[in-house]
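FYI, my numbering numbers position 86 of the sequence shown as 525, with every residue one higher than the one before it.
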Amino acid sequence: MKIAIGNIKLNYEKQGDGTPLVLLHGNGEDHHIFDKLIPLLQEDHTVYAIDSRNHGESSRTEDYAYETMAKDLEEFINVLGLKDVSVVGFSDGAIIALTLAIHKPGLFAKMGLLGVNLKPSDFKEEYLKELQDEYEETKDPLLKLMLEQPDIELEQLCKVTTPTLVVAAENDLFKPELYSSMVSTLPNAELLILPGYDHNSYVINQDVLYPHLKRFFQ
440 MKIAIGNIKL NYEKQGDGTP LVLLHGNGED HHIFDKLIPL LQEDHTVYAI
490 DSRNHGESSR TEDYAYETMA KDLEEFINVL GLKDVSVVGF SDGAIIALTL
540 AIHKPGLFAK MGLLGVNLKP SDFKEEYLKE LQDEYEETKD PLLKLMLEQP
590 DIELEQLCKV TTPTLVVAAE NDLFKPELYS SMVSTLPNAE LLILPGYDHN
640 SYVINQDVLY PHLKRFFQ
């Protein structure tokens, strides 16, 4: 289904009955990355799995900024009148959720940040080089987004009092010290490192991820 947000339309899937839980996918994906998780999460929640602008079946625009997508998320919550809402974001989706949480402390009841970064410099050097080379070949605006944004200062996390689960893979794309710094700065956060997994693999493996989400969001 689709909902009008300002001058665009966001596509989303709604399933279940319970406290609202919004799911946000990563760069170049759509909400179907959560297809195996949604049937499990909907046992306890009303799940809203959104396609971000310029992704999936949502509107295409020239604005790719995380700040804009965070405003889209805020408007989505307001238009639907969601209360006591929690959020799980993966990769770009986690950046969107965190950006909104910084601007609107207390908006979310709980927050799950899966594979998040604060700046492009958080990427491991070898992956950053791959990203730069791929962008030079394709000029894909979604790759440009990853190379130029986000620009979140560690100190900004101090205002995010929302209970937060930060999840990272042992073989993630980002420098490992990022996550220890984040969790020591966020006032109410816990860190989960998943051994043996890379940036994407645990997200599509519901047997790995779901038990941790169920515990945290119960």
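For glycine and all other residues, C-beta sits at the position ideal for the given N, C-alpha and C.
- If only complete runs of 4 or more residues are kept, the region 572-635 shows the alpha helix (DSSP H) at 580-587, 616-624, in order along the chain.
- Residue environment for Lys-522: exposed (fewer than 16 other C-beta atoms within 10 angstroms of its C-beta).
- Judged by beta-carbon spacing, Phe-473 lies beyond the 8 Å limit of His-484, meaning their Cβ atoms are not closer than that value.
- The beta carbon of Pro-634 sits closer than 8 Å to those of Glu-609, all from its chain and outside the five residues before and after it, given in chain order.
- Our two residues, Phe-655 and Gly-551, have alpha carbons roughly 9 Å apart in a direct line.
- Among the bridge pairs identified by DSSP, Phe-529 is matched with Leu-553.
- Rounded to whole angstroms, the separation of the alpha carbons of Asp-646 and Phe-613 is 24 Å.
- DSSP, reduced to helix, strand and coil, places Gln-657 outside both helices and strands of the structure shown, so it counts as coil.
- A straight-line Cα-Cα distance of about 15 Å links Gln-588 and Gly-467.
- Taking the Cα of Ile-444 as reference, the smallest distance to any Cα among Lys-583, Asn-517, Tyr-503, Tyr-487 is reached at Asn-517.
- Residue nearest to Ala-488 within the set Phe-515, Ser-498, Ala-504 is Phe-515 (criterion: CA-CA distance).
- The C-beta of Ser-525 has 16 or more other C-beta atoms within 10 Å across all chains shown, which makes the residue buried.
- In this structure, Ile-535 places its C-beta atom within 8 Å of the C-beta atom of Ser-491.
- Counting other Cβ atoms within 10 Å of its Cβ, Ser-530 reaches 16 or more and is therefore classed as buried.
- At a Cβ-Cβ threshold of 8 Å, Thr-600 and Gly-545 count as neighbours.
- Comparing C-alpha distances from Ile-541 to each of Lys-563, Glu-506, Leu-519, His-470 shows the shortest one belongs to Glu-506.
- Within the region 458-507, the beta strand (DSSP E) runs of at least 3 residues that lie entirely inside it are, in chain order, 458-463, 484-489.
- Nearest in C-alpha terms to Lys-510, of all of Leu-539, Glu-482, Thr-500, is Leu-539.
- Exclusion of the five residues before and after Tyr-618 leaves Val-605, Ala-607, Leu-630 as the residues of its chain whose Cβ lies within less than 7 Å of its Cβ.
- Looking from the CA of Glu-496, the closest CA among Gly-457, Ile-447, Ala-533 belongs to Ile-447.
- By a beta-carbon distance limit of 8 Å, Val-486 contacts Leu-460. Their separation comes to about 5 Å.
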